[in-house]
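Residue numbers (the numbering used here): 12 to 156. Here a beta-carbon is modelled for each residue, glycine too, at the ideal position from N, C-alpha and C. Structure, as structure tokens:
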């Protein structure tokens, strides 16, 4: 596994707990994931240092709710374990590849993360990211024919 500092591993956990909190609050999972990964909050977490990184998941969720004008309740709910894994993996992915949250979301949106969870959540996170990127490349090459 990539040699992440303690602080970066904490941020992966915070983002995992943020996604889990979205589930607990009943927010539509695909909509929440899309809103977060394309938000100013995600940009702040992608930054080298930003105060929001240490604000905690409750505060980040409040900021996102305000930014979006209200997150959508109900709809599709992915299991809580999927939400935590997705949030954690997305943050790890950023540290592993230095891709932005927006780029990561374009490569593997919420639906893909939910579908891949059963087979990927037991892998090293690096391997899961590499596999998700490969799925994206294969889908892109199919589209070009």
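Straight-line CA distance for residue 112 to residue 74? 17 Å
If you compare alpha carbons, which of 92, 121 and 21 is closest to residue 133?
92
(Q) Measuring only the C-alpha atoms, how far is residue 102 from residue 22? (A) When rounded, the distance between both Cα atoms is 7 Å.
Given residue 114 as reference, the closest of 33, 36, 17 and 49 once Cα atoms are compared
Ranked by how close their Cα comes to the Cα of residue 114, the residues 33, 36, 17 and 49 have 49 in first place.
How about the segment 120 to 137 and the segment 25 to 42: do they share at least three Cβ pairs that are nearer than 8 Å? With a cut-off of 8 Å on Cβ pairs, the segment 120 to 137 is in contact with the segment 25 to 42, counting three or more such pairs.
_For residue 71 and residue 62, the rounded distance between their alpha carbons_ = 11 Å
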